[in-house]
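Notes follow once the structure below has been shown.
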Amino acid sequence: MLSTLLLASTLAFTAFAHPPPPRTRPDPDCASRTTTHISSAITNTTSTVEWIYNGTSLDGPKVHPVNSTTFDWWYFDAVSSDLASGDLSSVVINFYTASPGGFGALSNNKSTILETTITGTLSDGTPFGFGKFPADATVVTDGEGSAGVWGEGGTEWSSSPDLKHWVIKFDDPEDNVSGQMTLQSVAPPHLPCGAVEAGATELLMPHIGWANAVPDALAQIDFNLNGTALSFTGPGYHDKNWGDQPFFDTVGSWFWGHGHLGPYSIVWFDARDMFGAEYFSSYVAKDGKILTGSCSNGTVIVRPWGGEDAYPPPATAANPDGFIVTFADVEGKELVVNVTSALAAVALEYVYDRWIGTLAGGFADGTGNWTGVAQYEEFKV
1 MLSTLLLAST LAFTAFAHPP PPRTRPDPDC ASRTTTHISS AITNTTSTVE WIYNGTSLDG
61 PKVHPVNSTT FDWWYFDAVS SDLASGDLSS VVINFYTASP GGFGALSNNK STILETTITG
121 TLSDGTPFGF GKFPADATVV TDGEGSAGVW GEGGTEWSSS PDLKHWVIKF DDPEDNVSGQ
181 MTLQSVAPPH LPCGAVEAGA TELLMPHIGW ANAVPDALAQ IDFNLNGTAL SFTGPGYHDK
241 NWGDQPFFDT VGSWFWGHGH LGPYSIVWFD ARDMFGAEYF SSYVAKDGKI LTGSCSNGTV
301 IVRPWGGEDA YPPPATAANP DGFIVTFADV EGKELVVNVT SALAAVALEY VYDRWIGTLA
361 GGFADGTGNW TGVAQYEEFK V
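For reference, each letter of the sequence shown is one residue, going 1 to 381 in the UniProt record's numbering.
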């Protein structure tokens, strides 16, 4: 969902003293299509931010323009379905419109809002990270779907208008990185409080928006990472986040994750703001239908276990061994999921961790016994 990034390379970019704002306009070839051109330069122009879903362009830009304190990005990931058998492969690809002033974890892009990165782990658990800073970007929306191109050279994503099919490519000749991931969605999209419906809130918590176009997918991954192959299949995912003030002015702690547990597609979010208020979003789907989609208090509770498991987590805390995720109402029962970390894919000391791990769970009444895999993260500020 939010991924702080390891960068193996930096590409040159051009900054302009007085950049034009992003241009969003209808596409004459399709009445439902819009095209947004984005400059890399950081601007102090006031941003207009979308918080209520308007009935179209679920996966389109939500902040116009992104300035020195706002942010808007697209996140894609996948983890190997064979993780329990020892395959530690995972991947995350991000397309950012954000500066360090908006999202402080992006410490490498001092003079641009455009960055794209690929991070993850090889089958043996070795971490990797590559990134670049394009001069411009374009995002096209068509129906609910979107397509984005970050610079030149084939680093891009595209989707079908119904959000069912996705292709995400990363190409960086300078670092000899190329390939793609494909996603075939198996679960309906959602917003923080439920199904995608016009007029629904997009606020995940104050000042942060969220749209989850692909809560669960069948993913196929094929990349060449400077001569090393990354190839696997497993659960995939895509969402986007945006905000109208610096991320770390809002978030105190943050637990988010997704996975595939037996017949269920699950997504959880449990966070605290800087004032200690807790916010929740739960999602469980089965057979292509949403069973649970809520932002009510306690709809899902996430708590660390093992290691240093204090809650809320202090910034200096060591990592827990996993999390207990409790969904309050799934088919009329409480669903309890034990998330056990296999590997930290990305770690920024005292700020952020992203893991891949296994799932084991069932209903609190003792019925059901399912397993699966997940990718998940923690912010602690």
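Cβ coordinates follow ideal geometry from the N, Cα and C atoms, glycine included.
The beta carbon of PRO263 sits closer than 6 Å to the beta carbons of LYS286 from its chain, once the five residues preceding and following it are set aside; these are given in chain order.
Runs of the beta strand (DSSP E) lying entirely within the segment 134 to 194 and spanning at least 3 residues, in chain order: 136 to 142, 145 to 150, 156 to 159, 165 to 169 and 177 to 185. In this structure, ASP216 places its C-beta atom within 8 Å of the C-beta atom of HIS260.
By the neighbour-count criterion, in which a residue is buried when 16 or more other Cβ atoms sit within 10 angstroms of its Cβ, PHE275 is exposed. For ALA78 against ALA187, the beta-carbon gap comes to about 14 Å, at or over 8 Å, which does not count as contact.
About 6 Å separates the beta carbon of ASP244 from that of THR70, a gap short enough to meet the 8 Å contact definition. Around SER294, the same chain offers SER282 as residues with beta carbons nearer than 6 Å, after the five sequence neighbours per side are excluded.
Across the set GLY120, SER80 and ASP136, the C-alpha of ASP136 shows the shortest separation from the C-alpha of ILE38. The C-beta separation of ASN67 from SER47 comes to about 5 Å, placing the pair in contact by the 8 Å criterion.
Classified as exposed, SER111 has fewer than 16 neighbouring CB atoms from the shown chains inside 10 Å of its CB. With contacts defined as CB atoms closer than 8 Å, LEU122 and SER89 qualify as a contacting pair. Look at the beta carbons and you see the segment 91 to 98 not touching the segment 44 to 58: under three pairs across the two are nearer than 8 Å. Taken through DSSP and simplified to helix, strand or coil, LEU291 comes out as strand. Contact annotation, SER80 with PHE323: C-beta distance approximately 20 Å; criterion of less than 8 Å not satisfied.
Your pair THR35 and THR138 checks out as a contact, with CB atoms roughly 7 Å apart and the cut at 8 Å.
Cβ-Cβ distances below 7 Å link TRP51 to THR201, GLU202, LEU203 and GLY209 in the same chain, with the five nearest sequence neighbours on each side left out; the list follows chain order. Around THR358, the same chain offers LEU83, ALA84, VAL339, THR340, ALA342, THR371, GLY372, VAL373 and ALA374 as residues with beta carbons nearer than 8 Å, after the five sequence neighbours per side are excluded. Under the DSSP definition of a beta bridge, VAL381 lacks any partner. Residue range 278 to 286 is occupied by the beta strand (DSSP E) that includes SER281.
Around the C-beta of GLY361, 16 or more other C-beta atoms lie within 10 Å, and the residue is accordingly described as buried. In the DSSP assignment, GLY236 falls within the unbroken beta strand (DSSP E) covering 228 to 243. Between PRO313 and LYS380 the beta-carbon gap is near 4 Å, inside 8 Å, which marks them as a contact. By a beta-carbon distance limit of 8 Å, LYS132 contacts ASP172. Their separation comes to about 6 Å. When DSSP states are grouped into helix, strand and coil, ASP249 belongs to the helix group. The straight-line gap separating the alpha-carbon atoms of THR126 and SER32 is approximately 43 Å.
Contact check for GLY60 against SER146 passes: the beta carbons are separated by less than 8 Å.
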